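Colleague: One structure follows; several queries about it will come next.
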Amino acid sequence: MLSYQHGFHAGNFADILKHAALLHLLEHLKSKDKPFCVIDSHAGRGVYDLSAQEAEKTGEWRTGIGRLLETRPKGQALAQLCAAVQSAGPSRYPGSPALTLSALRPDDRWIGLELHPTEHSELTRWAGRDRRLAVHKRDALEGLPALVPTPIRRGLVLVDPSYEVKTDFAKLPEMVIRCVRRWATGIYALWYPILVGGDAQTEMIKTLASRLGASHGVLVVEVSGRKIDRGMSGCGLVLINPQFQIETAMAEICAEMVDLHLAGLARWRVERVAGAYAGKRLRQGGTDNGGANRDAIAT
Ligand SMILES: C[S@@+](CC[C@H](N)C(=O)[O-])C[C@H]1O[C@@H](n2cnc3c(N)ncnc32)[C@H](O)[C@@H]1O
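Numbering-wise, my numbering comes out as the position in the sequence shown, counting from 1, plus 98.
Spelled out as structure tokens, the structure:
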């Protein structure tokens, strides 16, 4: 039985990283005249109400999108995210389905999977009668590999699980690998939390790098270093098959999040962990040792 509801966390620092990266990936897909399809394997409810009880209870959005809106970021992807949030209306935060919808052209498509009954019915209501959108009440672990490749052969898969089940850290990379074997040209973005006292993400990244790295680019984009006693000290994205030279844009997002000290973030890194630049290109920065947020590149 699923208990996680994203309404408690919508607009927090983790959403900022994944949604700014999502908007950047969508811009890339839109740069060609050919249609694309996005699959959102863990879609949530589409749009969130930041004045709702659950959002107020944690207040997480205040150190995420709240702070970002106050500071007016300079980087393109973060500024674009702020604009999308503002156009969603007062106290509303667009989740990945709504952000993707804002980028869709008439021939582009979006498929969302959501297993939680309440979230699924809200998502169905949100999708309405837009023929570009399809909502499935389906377990992503089984459903996503069955849905790829999509009839439109250009596209992006966002995998944004709640990691409620301990085995997710082992099962999700296997699911992504199955999908990549079936749809080798798709772009994949897998979000992961970094938990205080835990290191499950490292094994997950290693699995993806070692099994896909020979023939696919694998990039890690991470913000971390929150000084907290429990919960998420940071989070990241594993990007598979991202466009050439995406590192600069991802480094810009991460460095600005750390500069703004969003939710107490103090470090970031953007690293090719496999593919043509295996283990070589690393950009990183931080403010946690009192130094400036540098952008070093090691080759
Ligand atoms: C982090 S939230 C998604 C947020 C959304 N992607 C966004 O950015 O707005 C994760 C969602 O996955 C759903 N979920 C959890 N396990 C699932 C599964 N096995 N298959 C499909 N959905 C699942 C949860 O109900 C929850 O709504």
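Glycine included, every Cβ here is placed at the ideal spot set by N, Cα and C.
A quick note: this is a predicted structure, and the numbers were derived from the prediction, not measured.
Check Gln103 in the structure and name its three-state DSSP category.
Modeller: coil
Colleague: Can you give the Cα-Cα distance for Lys405 and Leu239, rounded to whole angstroms?
Modeller: Any answer about residue 405 is impossible in this case: the structure gives the chain only from 99 up to 397.
Colleague: Whose C-beta lies closer than 6 Å to the C-beta of Tyr102 among residues of the same chain, with five residues either side of it excluded?
Modeller: Ser260, Glu262
Colleague: At what residues does the beta strand (DSSP E) containing Val356 begin and finish?
Modeller: Unbroken run through Val356 is the alpha helix (DSSP H), 345 to 357; no beta strand (DSSP E).
Colleague: Kindly give me the distance between the Cβ atoms of Arg365 and Asp386, rounded to whole angstroms, as I take these residues to be in contact under 8 Å.
Modeller: 6 Å
Colleague: If Leu358 sits next to Glu369, beta carbons under 8 Å apart, how far is it from one beta carbon to the other, in whole angstroms?
Modeller: Contact flag wrong, Cβ pair sits at about 22 Å.
Colleague: By alpha-carbon positions, which one of Gly210, His117, Arg165 ends up nearest to Arg236?
Modeller: Gly210
Colleague: Are there three or more Cβ pairs, one per stretch, closer than 8 Å when the segment 200 to 217 is compared with the segment 115 to 133?
Modeller: yes
Colleague: In three-state DSSP terms, what is Asp386?
Modeller: coil
Colleague: Scan the segment 204 to 243 and note each continuous alpha helix (DSSP H) run of 4 residues or more that stays entirely inside, going in chain order.
Modeller: 215 to 225
Colleague: Touch check for the segment 314 to 330 and the segment 137 to 147: three-plus C-beta pairs under 8 Å?
Modeller: no
Colleague: Any idea what DSSP makes of Glu262, helix, strand or coil?
Modeller: coil
Colleague: Can you tell me whether Lys264 is buried or exposed, with buried defined as 16 or more other CB within 10 angstroms of its CB?
Modeller: exposed
Colleague: Quick one, are the C-beta atoms of Leu221 and Ser139 less than 8 Å apart?
Modeller: Remark: C-beta atoms of Leu221 and Ser139 do not approach each other more closely than 8 Å.
Colleague: Using the three-state DSSP reduction, which class does Gly398 fall into: helix, strand or coil?
Modeller: Residue 398 lies beyond the stretch modelled for the chain, which goes from 99 to 397, so this question has no answer here.
Colleague: Look at the alpha carbon of Ala372 and the alpha carbon of Val255, and state the distance between them as a whole number of angstroms.
Modeller: 19 Å
Colleague: Can you give the Cα-Cα distance for Thr397 and Lys155, rounded to whole angstroms?
Modeller: Residue placement at Thr397 is poorly supported in this model, since its pLDDT is 42, which falls under 50; the coordinates still yield a value, given next. Computed Cα separation, rounded: 45 Å.
Colleague: Going by alpha carbons, who is nearest to Val136 out of Asn110, Tyr286, Arg160, Leu176?
Modeller: Tyr286
Colleague: Can you give me the C-alpha to C-alpha distance between Gly362 and Leu179, rounded to a whole angstrom?
Modeller: 20 Å
Colleague: Ends of the beta strand (DSSP E) at Val368?
Modeller: 365 to 372
Colleague: Taking 7 Å as the cut-off, does the CB of Tyr290 come closer than this to any heavy atom belonging to ligand 1?
Modeller: no
Colleague: Would you say the beta carbon of Pro259 comes nearer than 7 Å to a heavy atom of ligand 1?
Modeller: yes
Colleague: Report yes if the C-beta distance between Cys333 and Ala112 is below 8 Å; otherwise report no.
Modeller: yes
Colleague: For ligand 1, is there a heavy atom less than 7 Å away from the beta-carbon of Ala238?
Modeller: yes
Colleague: Mapping DSSP to helix, strand and coil, what is Arg160?
Modeller: helix
Colleague: Are the Cβ atoms of Val319 and Leu306 separated by less than 8 Å?
Modeller: no
Colleague: Quick check: is any heavy atom of ligand 1 less than 7 Å from the C-beta of His314?
Modeller: No, ligand 1 has no heavy atom inside 7 Å of this Cβ.
Colleague: Which stretch, first to last residue, makes up the alpha helix (DSSP H) that contains Pro133?
Modeller: Careful: Pro133 lies outside any alpha helix (DSSP H) and carries neither H nor E.
Colleague: Return the Cβ separation of Gly384 and Asn339 in integer angstroms, given the expectation that the two are a contact with Cβ distance under 8 Å.
Modeller: Gly384 to Asn339, Cβ: 28 Å. No contact.
Colleague: What's the call for Asp228, buried or exposed, on a 16-neighbour Cβ count within 10 Å?
Modeller: By the neighbour-count definition (other C-beta atoms within 10 Å, threshold 16), Asp228 is an exposed residue.
Colleague: DSSP state of Val95, grouped into three classes?
Modeller: Beyond the ends of the chain as shown, which are 99 and 397, falls residue 95; an answer cannot be given.
Colleague: Measuring straight from C-alpha to C-alpha, what distance separates Lys304 and Arg279?
Modeller: 17 Å
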